[in-house]
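Residues -25 to -1, 1 to 137 in mature numbering (1 follows the signal peptide of the UniProt record, and there is no 0) are what the sequence shown spells out, letter by letter.
The next block holds one structure in the form of C-alpha cells; read it before the comments.
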Amino acid sequence: MLRIPFTSLSFIFILALSILNFAHCKTLKRDVKALNEIKASLGWRVVYAWVGDDPCGDGDLPAWSGVTCSTVGDYRVVTELEVYAVSIVGPFPTAVTSLLDLTRLDLHNNKLTGPIPPQIGRLKRLKILNLRWNKLQDAIPPEIGELKSLTHLYLSFNSFKG
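Spelled out as C-alpha cells, the structure:
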C-alpha cells in the first residue's frame, strides 16, 4: 500500500487552499480603476489583450498581459506592470502612480513624452523602474530619490534636462 507522508499531504492541502484563495480574491478597486485609466489612455493597439473586468484574472480569463498580481489578505494587488516595446505614444500615464504596491514598472522602448510625474514618489515599494528608450523630458523628479526600495533605475536614452 502506498503511503504518502503527512508532510506531503499538508503541503498539498496548503497549496490547494492557496490556489482557491487566489481564485476567489478580488483585485483591489484602486488598482482596477488605475489600470482601466491606463487602458483608456494607451489605445487599442497596446492593450487589445486587456479583456475582462479584473486585471488580475477572474478564473475564466487570465490576468492582463504585462500585469502581475499578488494576494494580500482578501485582495489581489498589482505588483508588476510591464508594457514595453509596444509603441505607447503620449504622456507618461499618471494613473500608474496609483498602483501603490508596484515593485516593478517597465515601460521601456515606447514613445512616452513629457515629464515623469512627481507622484512617482508614491510608489514606495518600487524596486525596478525602467523608462529608458522613450522621449521623456524635463528634469528627473527629485521624488525618485525618495524611493528607498529602488535597486534598479533605468532612464537612459530620453531627453532629460538638468
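Backbone N, C-alpha and C fix where the C-beta goes; we use that ideal spot for every residue, glycine too.
Close-in-space but distant-in-sequence residues of the same chain around K136 (CB under 8 Å, 5 per side omitted):
Once the five neighbours on either side are set aside, the close Cβ partners of K136 are Q112, D113 and A114.
Leaving out the 5 sequence neighbours to the left and right, which residues in its chain are closer than 7 Å to D49 when beta-carbon positions are compared?
If we look at D49 and ignore the five residues flanking it on each side, its Cβ neighbours are C(-1).
What beta strand (DSSP E) runs, 3 residues minimum, are completely inside the region 17 to 82?
Positions of the beta strand (DSSP E) runs, each at least 3 residues long and wholly inside the region 17 to 82, are given as 42 to 47, 50 to 57, 64 to 66 and 79 to 81 in order along the chain.
Name the DSSP bridge partner or partners of G89?
DSSP output for G89 lists L111 as bridge partner(s).
For N131: DSSP bridge partner residues
Residue 131 is actually Ser in this sequence, not Asn. DSSP lists no partner for S131.
Residue interval of the beta strand (DSSP E) (run including N105):
Start and end: I103 to N105.
Smallest Cα separation from E12: which of L74, L104 and P37?
Nearest in C-alpha terms to E12, of all of L74, L104 and P37, is L74.
Can you tell me which residues form a DSSP beta bridge with T2?
Residue pairing from DSSP places T2 in a beta bridge opposite R51.
The region 87 to 104 in contact with the region 115 to 132 per 3-pair CB rule at 8 Å
Counting Cβ pairs under 8 Å, three or more are found: they touch.
Pair within 7 Å by beta-carbon distance, E57 and D81:
Their beta carbons are under 7 Å apart, which means E57 touches D81 by this criterion.
DSSP state of P116, grouped into three classes?
Note: P116 maps to coil in three-state DSSP.
Determine the burial state of D35: buried for a count of at least 16 other Cβ atoms within 10 Å of its Cβ, exposed for fewer.
The residue in question, D35, is exposed, as its Cβ has fewer than 16 Cβ neighbours within 10 Å.
Backbone secondary structure at D11 - three-state DSSP:
The question names Asp, yet the displayed sequence has Asn at residue 11. In this structure, N11 counts as helix in the three-state DSSP scheme.
Under a Cβ-count criterion, where at least 16 other Cβ atoms within 10 Å of its own Cβ denotes burial, should N(-5) be classed as buried or exposed?
Interpretation of N(-5) is limited by its pLDDT of 42, a score under 50 that renders its predicted location unreliable; the figure taken from the coordinates is listed afterwards. It counts as exposed.
For T46 and C31, the rounded distance between their alpha carbons
T46 has its alpha-carbon roughly 10 Å from the corresponding atom of C31.
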